[in-house]
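Encoded as structure tokens, the structure appears first; notes follow it.
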Amino acid sequence: MSGNMTINLKIWRQTGDKGAFETIKVPNVSPDMSFLEMLDEANELLMKQNTEPFAFDHDCREGICGMCSLVINGVPHGPDYAITTCQLHMRSFKDGDIIVVEPWRASAFPIIKDCVVDRTAFDRIIAAGGFISVNTGSAQDANNIPVPKVDADKSFDAAACIGCGACVAACKNASAMLFVAAKVSHLALLPQGKVERTKRVLNMVEQMDKEGFGNCTNLYECEAACPKEISVDNIARMNREYLGANIMHDEVIRTAKL
Amino acid sequence: MQETLDRIPEIREEFYKNVNVLGSGNDFNKNLEHAMRVADYLDFAPLMAEDALHREESCGGHFREEHQTEDHEAKRDDENFSYVAAWEYKGKNAKHELHKEELTFENVELSTRSYK
Chain A
1 MSGNMTINLK IWRQTGDKGA FETIKVPNVS PDMSFLEMLD EANELLMKQN
51 TEPFAFDHDC REGICGMCSL VINGVPHGPD YAITTCQLHM RSFKDGDIIV
101 VEPWRASAFP IIKDCVVDRT AFDRIIAAGG FISVNTGSAQ DANNIPVPKV
151 DADKSFDAAA CIGCGACVAA CKNASAMLFV AAKVSHLALL PQGKVERTKR
201 VLNMVEQMDK EGFGNCTNLY ECEAACPKEI SVDNIARMNR EYLGANIMHD
251 EVIRTAKL
Chain B
1 MQETLDRIPE IREEFYKNVN VLGSGNDFNK NLEHAMRVAD YLDFAPLMAE
51 DALHREESCG GHFREEHQTE DHEAKRDDEN FSYVAAWEYK GKNAKHELHK
101 EELTFENVEL STRSYK
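Here you go:
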């Protein structure tokens, strides 16, 4: 696919501790190309010049896996609303535009190479409590457990989180509150999740703090950048859950290992 | 398919001689990862061609033009090919050794599914 746009890319390159911006001029860009396809073209140019191509994360390229993670012109996932980087297309830009591409900036997400960051902090938070404990074997009939539709809907919306980390990248404090709140809410709203809700919120918040994410100061940049439109209402819910868990009288539940 | 089998060692030689992998081996390197995947494909390709050549029937996704029914469906040869072909690696560019894992069905009779 080729077209007649020329894009001036300023991309962040980093190997080891120090990095810097590099400029590449990418010709023949079609407005129908996706942003990542344009980056692929830029990489082809680099390869032809025998220079190491630019590393960036991607997987499904369909908007659902949570891997692609670029801050484009200062906004995580770029200028268009409620989409991931892979779903951003070049028609959002004009011929001759200068586009600045950076990784997710957060000390809890160390840079591995160029724009690839280490997001295993999120995995550790989920491992700390983002699950329910059940004896598996034959599943019981799901309809045996009544769930209010309102709760099911809110839980579903919270469950839409793909764990990309755009919320952290958008936040001035690099807080992971939206991500943790989405998981805590998703499970706290459902009967299966209520069983361990006390310990879950305490453990997940503790892990979040250990990882070095910042604190929430209600800026709501996270909600604005989220490709799945996760609401900050979830943060409010998690704050209530956290408060409730802390004043929970039952010592056994509060201090037991999950 | 015989042609394919003959061409593969050539392609493999050329790949190993001429591949240009940018970046270093000491660092996160996607280009190296991709090159190694292609190397794996090239190792696997002669086996796929060998297996396809030896199985003289059409079965599932394996279709030989000369083994089809009148309405162009796959024609199996259960008498001769009712087995799983497990191939043993015998070295680069050497032919693989076939180990047949026979498929015998005691309680169910082998029949042909109709897609009509």
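First to last, the protein sequences are chains A and B. The first sequence: position 95 = 95 (the working numbering), numbered continuously. The second sequence: position 2 = 2 (the working numbering), numbered continuously. Just so you know, even glycine gets a beta-carbon here, dropped at the ideal spot from N, CA and C.
8 Å Cβ cutoff, B/LYS17 in contact with chain A:
no
Are there 16 or more other CB atoms within 10 angstroms of the CB of A/PRO103, so buried, or fewer, so exposed?
Buried.
Under 6 Å Cβ to Cβ from A/THR23, same chain only, skipping five residues before and after it: list those, please.
So the qualifying residues of the chain are LYS10.
Got a sec, what are the start and stop residues for the beta strand (DSSP E) A/ASN8 sits in?
5 to 15
Taking a Cβ distance cut-off of 9 Å, strictly less, list which residues of the stretch 190 to 219 of chain A are near chain B, in chain order.
none
Using 10 angstroms around the beta-carbon of B/GLU121, count the other beta-carbons present and answer buried if the total reaches 16, otherwise exposed.
Beyond the ends of chain B as shown, which are 1 and 116, falls residue 121 of chain B; an answer cannot be given.
Could you tell me whether the Cβ of A/ALA55 comes closer than 8 Å to any Cβ of chain B?
yes
Applying the 10 Å Cβ sphere with the 16-neighbour rule, what's the burial state of B/PHE105?
exposed
By the DSSP assignment, the alpha helix (DSSP H) with A/THR198 in it spans what residues?
197 to 211
Residues of chain A with a CB under 8 Å from the CB of B/GLY25: which are they?
Those within 8 Å of B/GLY25 in chain A number zero; the least Cβ separation is about 12 Å.
So, A/ALA160 versus A/ILE98, is the Cβ gap smaller than 8 Å?
no
When the Cα atoms are used, what is the spatial distance from A/PRO191 to A/GLY78?
37 Å
Determine the DSSP secondary structure at A/ALA139, reduced to helix, strand or coil.
Note: A/ALA139 maps to coil in three-state DSSP.
By alpha-carbon positions, which one of A/PHE109, A/VAL184 and A/MET1 ends up nearest to A/GLU241?
A/VAL184
Interface residues of the stretch 88 to 118 of chain A facing chain B [CB-CB below 8 Å]:
ILE112, LYS113 and VAL116
When we look at the beta-carbon of A/THR198 and count the other beta-carbons within 10 Å, is it buried (16 or more) or exposed?
buried
Near A/MET208, what residues of its chain come up, given a Cβ to Cβ distance below 7 Å and the 5 sequence neighbours on each side ignored?
ILE125, ALA176 and VAL180
How many angstroms separate the CA atom of B/ASP6 from the CA atom of A/ALA139?
53 Å
Pairwise C-alpha distance: A/ASN173 and A/LEU36
28 Å
Reference A/MET5; option with closest CA among A/GLY16, A/MET38 and A/ASP17
A/MET38
When the distance is taken between beta carbons, is A/ALA106 closer than 8 Å to A/VAL168?
yes
Give a yes or no on contact between the stretch 205 to 221 of chain A and the stretch 141 to 161 of chain A, applying the rule of three or more CB pairs nearer than 8 Å.
no
Distance, B/GLU66 Cα to B/SER58 Cα
Annotation: B/SER58 to B/GLU66 spans about 9 Å, alpha carbon to alpha carbon.
State yes or no: is the beta carbon of A/MET38 nearer than 8 Å to at least one beta carbon in chain B?
no
Between the Cα of A/VAL195 and the Cα atoms of A/LEU202, A/ASN234, A/PRO76 and A/SER133, which residue gives the shortest distance?
Comparing alpha carbon positions, the residue from A/LEU202, A/ASN234, A/PRO76 and A/SER133 closest to A/VAL195 is A/SER133.
Closer than 9 Å, Cβ to Cβ, to anything on chain A: give me those residues from the stretch 19 to 51 of chain B, in chain order.
ASN20, LEU22, GLY23, SER24, ASP27, PHE28, ASN29, LYS30 and ASN31
Please report the straight-line C-alpha distance between A/LYS149 and A/LEU189, rounded to a whole angstrom.
11 Å
What are the residues that DSSP puts in a beta bridge with A/SER34?
A/HIS89
Does the stretch 106 to 117 of chain A come close enough to the stretch 24 to 32 of chain B to have 3 or more Cβ pairs within less than 8 Å?
Judged by pairs of C-beta atoms under 8 Å, the stretch 106 to 117 of chain A touches the stretch 24 to 32 of chain B, as three or more such pairs exist.
Report the neighbours of A/GLU52 on chain B: residues whose CB is nearer than 9 Å to its CB, in chain order.
LEU22, GLY23, SER24, ASN29 and ASN31
Establish whether the CB of A/MET47 and some CB of chain B are separated by less than 8 Å.
yes
From the DSSP output, read off the bridge partner residues of A/PRO76.
A/VAL71
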